[in-house]
Structures are given as structure tokens and as C-alpha cells.
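As C-alpha cells, the structure follows; a few thoughts come after it.
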Amino acid sequence: SSMLPPVKKDRVITQLPQCFSPNAALHTKDGFHPQVKAMCQFQRTATVSFNIAKVIVVGDVAVGKTCLISRFCRGAFDKNYKATIGVDFEMEHFEVLGVPFSLQLWDTAGQERFKCIASTYYRGAQAIIVVFDLSSVNSLAHARQWLEDAMKENDPSSVLLFLVGTKKDLSSPDQLSQIEQEAIRLSEEIKAEYWAVSAKSGDGVREFFFRVASLTFEANVLSELERSGSRHVGDIISESVRSQDGLLLCGKGGRTKCGLVGYEKQEPTSGKGRVVYIGVQQEEGD
Numbered sequence: 018s019s020m021l022p023p024v025k026k027d028r029v030i031t032q033l034p035q036c037f038s039p040n041a042a043l044h045t046k047d048g049f050h051p052q053v054k055a056m057c058q059f060q061r062t063a064t065v066s067f068n069i070a071k072v073i074v075v076g077d078v079a080v081g082k083t084c085l086i087s088r089f090c091r092g093a094f095d096k097n098y099k100a101t102i103g104v105d106f107e108m109e110h111f112e113v114l115g116v117p118f119s120l121q122l123w124d125t126a127g128q129e130r131f132k133c134i135a136s137t138y139y140r141g142a143q144a145i146i147v148v149f150d151l152s153s154v155n156s157l158a159h160a161r162q163w164l165e166d167a168m169k170e171n172d173p174s175s176v177l178l179f180l181v182g183t184k185k186d187l188s189s190p191d192q193l194s195q196i197e198q199e200a201i202r203l204s205e206e207i208k209a210e211y212w213a214v215s216a217k218s219g220d221g222v223r224e225f226f227f228r229v230a231s232l233t234f235e236a237n238v239l240s241e242l243e244r245s246g247s248r249h250v251g252d253i254i255s256e257s258v259r260s261q262d263g264l265l266l267c268g269k270g271g272r273t274k275c276g277l278v279g280y281e282k283q284e285p286t287s288g289k290g291r292v293v294y295i296g297v298q299q300e301e302g303d
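According to the numbering used here, the residues represented by the sequence shown are 18 to 303, in order.
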């Protein structure tokens, strides 16, 4: 991980950012999953194989996808509209619970004529951000179609969905509460997390992307733990299965991973212990 650029101080995440609306959240827990925390404590000293996530940003033309991304990545807002042609790509580097983690943000064109180019980039997304304009009911109505198109290329069980209303600064309070009710209803239906932001003022933008980074990181770590074998933090293990530096964990197909499992003796004489953390290092060519 010495290859990774240093993480800026304002990209360090030590606690799970809270959701925008408890009525439409992927989950409302206060903190990161205990297994994720335990793994990260250990992983600070080991190499990490789950430290990047692909995020695609889709939605109608001119809803503010590019503005949303550039507000976060560059802290800038360009009021001159330029349509995205095909796909743009940004990389943001974080540190989550002490572990380096990067988001690849794919900014896709909303114009119909670029749709077939853009859709070739949808594959392999860990998160899909569907953007609509809070001052345009039409753009919200089209959100479902954008999601369906993006989902054709992905496994629904492993993708996190976010529905984001932009241009919050342009909506009157009445208009906002009306369209928000619709948006929250849609979020519940498609199992997405809802956010309302303004790229112009910056309202909610940083919190939103921190939430995306945190939840994709958490999902990556949990699926890595699942792939790496069935040992969990808190499992009782017997002395005989230990090797010098931890346990050998078998992944699918019986290939051995180098699994470093923190081990805590329960009673000096019992020959049994408890797993305190699990770290997994995938072998080359795996």
C-alpha cells in the first residue's frame, strides 16, 4: 500500500457517518459492523485486498451529476453547463478505520445518444448513485429506469443503491417536502438510501460521499470475510488448529489463503481460545 498516494486529512473516516433520513437508509446502525472494526485494527499492519470500490453515477441529462462529483472532488462549482460525453472518471482516496480505501467515481452521460457507450461502464459496480433534480418531478420519475439499466450489468445482491436529489437550493420548502415524500417512497421500494444535497452550496455533499465510502468499505470487508472462510470474531477454536502465525483458512475450491487470525487463550490449560480478529491476505494468482 506504499504505492497509494497519501490521504488528505479531510478524507479520514474514523466513525460511521449517519444516514440522511432514517426512513430511507441502507441501515441505521450507529457504528461500523464489529467484525469490520476488528478486521481493520488488525489490517493496519497487513496488506489489504478490498481497498477499492467502483461507484457509477447515473441519471437524466442536466440533473447535476458532474457538479455533484466536482463539488466533492475539487471543492468547486461550475455554473456553466457542459454535458458529459460518454463517461468521466474520478478517483478519491480515503482512510477508513485506519485502512486506505479508494472510490472510483464513474460519471456517466445522461444523454440518450451516449447511453450505449455509458452502459458498457456499468459493469462491476459496488454502488450505484441515481441522481435526480429536486426541482424536476420528471427526473425522479426516470430514476427507476436508470436504475434498471444499471442493474442489468450487475448482481443486485451485491450492489448498494443511493437515490440522490440535487439542486436542493432551488426548491421551495413546499416543493421540496412534496418531492421528498415521493423520493423516500421510491427509495423504500428499490431499497436505496435517500439523500438531498446542493452542489452549489455544498450542503450535504461531503456527508453523502463519506457515507458512500463508509458503506461500500464495510460491504467490501464483510464480503471478503465471508469469502475467506467461516471463522468469525468470537468463535471458539481449539489449540490444535493453530499454525505459527494464525490459522490457515480455506476459500472456495479449497485453495489456502494466508489467514492471520488473532487468537486469545481462554484458560491457560484448556487448549481452547477465542478469535479476536481475522485478517486475510489473498495469495498471488488467486
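Where is the CB? At the ideal position from N, CA and C, for every residue including glycine.
None of the values given here were measured: they were computed from a predicted structure.
Practice problem: Could you name each continuous alpha helix (DSSP H) segment of 4 residues or more that falls completely within the segment 82 to 143, going from the start of the chain to the end? | Solution: 82 to 91 and 132 to 136
Practice problem: Compute the Euclidean distance between the alpha carbons of A93 and S87, then round it to the nearest angstrom. | Solution: 6 angstroms
Quiz prompt | T183 - DSSP class collapsed to helix/strand/coil | solution = strand
Quiz item: Closest to V80 by CA distance: which of G182, S38 and S174 is it?
Solution: G182
Exercise. Check each candidate in F89, W123 and Y98 and name the one with the smallest Cα separation from A167.
Key: W123
Quiz prompt | Span separating the alpha-carbon of P51 from that of P39 | solution = 21 angstroms
Quiz prompt | Helix, strand or coil at K71 according to DSSP, with G and I counted as helix | solution = strand
Quiz item: Relative to the alpha-carbon of L239, which residue among C57, R161 and K184 has its alpha-carbon at the smallest distance?
Solution: C57
Practice problem: With a 10 Å radius around its C-beta and 16 neighbouring C-beta atoms as the bar for buried, classify K184 as buried or exposed. | Solution: buried
Exercise. Identify, in the order they occur along the chain, each residue of the same chain with its Cβ nearer than 6 angstroms to the Cβ of L187, setting aside the five sequence neighbours on each side.
Key: S152
Exercise. Return the CA-CA distance between F37 and K82, expressed in angstroms with no decimal places.
Key: 19 angstroms
Practice problem: Measure from the alpha carbon of E109 to the alpha carbon of each residue in A42, R130, V72 and L43, then state which is nearest. | Solution: V72
Practice problem: Going by CA-CA distance only, name the one from C84, S136 and A55 that's closest to S9. | Solution: The structure shown does not extend to residue 9, since the chain is modelled only from 18 to 303, so the question has no answer here.
Quiz item: Got a sec, what are the start and stop residues for the beta strand (DSSP E) E210 sits in?
Solution: E210 to A213
Practice problem: Spatial neighbours of F118 within its chain, please: CB distance less than 6 angstroms, with the 5 preceding and 5 following residues excluded, ordered by chain position. | Solution: N68, F111 and F234
Exercise. Go ahead and pull the three-state DSSP assignment for E300.
Key: With a pLDDT of 44 at E300, under the threshold of 50, the modelled position of this residue cannot be trusted; read the value that follows with caution. If DSSP states are grouped into helix, strand and coil, E300 belongs with coil.
Quiz item: Rounded to the nearest angstrom, how far is the Cβ of T31 from that of L114, given a contact under 8 angstroms?
Solution: 7 angstroms
Quiz item: Which whole-angstrom value describes the C-beta separation of L177 and L232, a residue pair presumed to lie in contact below a C-beta threshold of 8 angstroms?
Solution: 6 angstroms
Exercise. Assign V176 to one of three DSSP states: helix, strand, or coil.
Key: coil
Quiz item: By the 10 Å Cβ neighbour count, where 16 or more other Cβ atoms means buried, how is E205 classified, buried or exposed?
Solution: exposed
Quiz item: When the Cα atoms are used, what is the spatial distance from I134 to V24?
Solution: 32 angstroms
Quiz item: Counting along the chain, where does the alpha helix (DSSP H) carrying L193 start and finish?
Solution: P190 to I207
Quiz item: To which residues does DSSP link F149 through a beta bridge?
Solution: G182
Quiz item: What number of angstroms, rounded off, separates the C-alpha of F227 from the C-alpha of E129?
Solution: 30 angstroms
Quiz prompt | 6 angstroms Cβ shell around V29 - same chain, five flanking residues per side excluded | solution = E112
Quiz item: When burial is assigned at 16 or more other CB atoms within 10 Å of the CB, is A209 buried or exposed?
Solution: buried
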